[in-house]
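*Asks:*
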Amino acid sequence: MQVLSNGVPVTTDSENFAPMRDSSALLGDPDKLRAQFEQDGYVYLRGILDREKVMQLRGFYFGMFDPAYFAEDTSPEAGIWSGTIPAGQLSHGVAGHPAHTLVRSPEFEQFAASPELEQVARILLDDDQVFQLPRQIVRHFNKGPLSSRAHTDFDYMDRGSASIITMWLPIGDCPVQSGGLTYLEGSHTIAKDKLDVLKTKRTDRPNDTRPISHDLDWTAQQLGGRWLYADYQAGDVAIHSPHLVHASLDTQTDMMRMSVDVRFLPRSVEPDPRWLTKWSGDDGN
Ligand SMILES: O=C(O)CCC(=O)C(=O)O
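The sequence shown begins at 941 in the working numbering and counts up one residue at a time.
In structure tokens:
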């Protein structure tokens, strides 16, 4: 099956598309893990969260939808799309939509407070006092030509400190064909003005100055580097620098992609005020 992002094919030969480095073995060696993060702009840690807890959150979320959204004889936890959007289903993340409800639920709060996440944040930020931003985003895609465009996080949070890390958590298994996160190798060291000049050149969102492009091949041709992928499993975490260019891939399976991103920063630095309130799909940020 071809790999796509926003309906545009992504070249997958080994010169353009490569697996992420798995840094799980460095978990017991904080200095080496931090050095790897600084070198690559990301670390990919497999199975650091309890799979059962992750799958329970998936089941809790999909359990809030109309059963017509799911294929017959499948559980909400499996998250298998029926191929139809039930009448009356609200836009993603607006008040009343399950994603909006989820991020305000005790179930989610407990999940986001998993000590494994804070422990890794302390290592990567090299600080014992870390803080999780309250604006935590739930993403969910059924099959279709839609995914996150190439961007850096700092373009969405540039009214605060850049001493911040993002954790991307697949809530369920997410092989490449289900549309997970992809990183542009080595892009965290590229100067901002080199990224900024690309933003108007090839974009399906001419009125939004934040994304670089919806075309991942074109982005890699301009900046160099391969797109890095993973066949994520529930319990894995991919963590990136706010300067690393990343995007996501289209969901081409009936199994829906659900993920959460949470962000940590040292308590001593100034957060972007837009990230201090709960996320809503229509908050414009
Ligand atoms: O999950 C996605 O599609 C994009 C997530 C993202 O860009 C992020 O976590 O920074």
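Positions of the beta carbon are idealized from the N, C-alpha and C atoms, including for glycine.
Taking the straight line between their C-alpha atoms, what separation do you get for L1168 and T1092?
*Replies:* Using only the alpha carbons, I get a separation of about 15 Å.
*Asks:* Is the distance from the Cβ of I988 to the Cβ of V1078 below 8 Å?
*Replies:* No; because the gap between Cβ atoms is not below 8 Å, this pair is not in contact.
*Asks:* What residue ranges within the segment 973-1061 form continuous beta strand (DSSP E) runs of no fewer than 3 residues, ordered along the chain?
*Replies:* For the segment 973-1061, whole beta strand (DSSP E) runs of length 3 or above, ordered along the chain, are 982-985.
*Asks:* Taking the straight line between their C-alpha atoms, what separation do you get for P970 and F1071?
*Replies:* Each residue's Cα considered, the two are about 19 Å apart.
*Asks:* What are the boundary residues of the beta strand (DSSP E) that W1167 is part of?
*Replies:* Element bounds for W1167: W1167 to Y1169.
*Asks:* Does the distance between the C-beta of R1079 and the nearest non-hydrogen atom of ligand 1 fall short of 7 Å?
*Replies:* Checking every heavy atom of ligand 1 against the Cβ of R1079, one is found closer than 7 Å.
*Asks:* Can you tell me whether S1188 is helix, strand or coil according to DSSP?
*Replies:* If DSSP states are grouped into helix, strand and coil, S1188 belongs with the strands.
*Asks:* So D1190 and G1033 are in contact, right, with Cβ under 8 Å, and what is the actual spacing, rounded?
*Replies:* Their Cβ separation, rounded to whole angstroms, is 19 Å, which puts D1190 and G1033 out of contact at 8 Å.
*Asks:* In whole angstroms, what separates the C-alpha of R1044 from that of K1218?
*Replies:* Going from the Cα of R1044 to the Cα of K1218 covers about 8 Å.
*Asks:* Is G1165 closer than 8 Å to G1120 when the C-beta atoms are compared?
*Replies:* Cβ atoms of G1120 and G1165: not closer than 8 Å.
*Asks:* Between H1128 and ligand 1, is the CB less than 7 Å from at least one heavy atom?
*Replies:* No, the Cβ of H1128 stays beyond 7 Å of every heavy atom of ligand 1.
*Asks:* Taking 7 Å as the cut-off, is the beta-carbon of S1118 closer than that to any non-hydrogen atom of ligand 1?
*Replies:* No; taking the cut-off as 7 Å, the Cβ of S1118 has no heavy atom of ligand 1 nearer than that.
*Asks:* Quick check: the segment 1148-1157 against the segment 1048-1064, are at least 3 beta-carbon pairs closer than 8 Å?
*Replies:* These segments do not touch.
*Asks:* Less than 7 Å separating the Cβ of H1154 from some heavy atom of ligand 1?
*Replies:* It does not: the Cβ of H1154 is nowhere closer than 7 Å to a heavy atom of ligand 1.
*Asks:* Please identify the residue among I1020, D1095, H1186 and D1006 whose C-alpha is closest to the C-alpha of D980.
*Replies:* Checked all of I1020, D1095, H1186 and D1006; the closest Cα to D980 is H1186.
*Asks:* Leaving out five residues before and five after D1222 in sequence, what residues of the same chain have Cβ atoms less than 8 Å from its Cβ?
*Replies:* Within the same chain, D1222 has close Cβ partners S1031, G1033 and V1034.
*Asks:* Return the chain-ordered list of same chain residues with a C-beta closer than 8 Å to the C-beta of P1115, the five sequence neighbours on each side being excluded.
*Replies:* Result list for P1115: D1171, Y1172 and T1193, in chain order.
*Asks:* Starting from L1205, follow the alpha helix (DSSP H) in both directions and report where the run begins and ends.
*Replies:* L1205 -> not in any alpha helix (DSSP H); beta strand (DSSP E) instead, spanning R1197 to P1206.
*Asks:* I'd like the list of long-range same chain contacts for A1008, defined as Cβ closer than 6 Å, with 5 residues on each side in sequence excluded.
*Replies:* For A1008, where only same-chain residues beyond five positions count, the Cβ hits under 6 Å are P1026.
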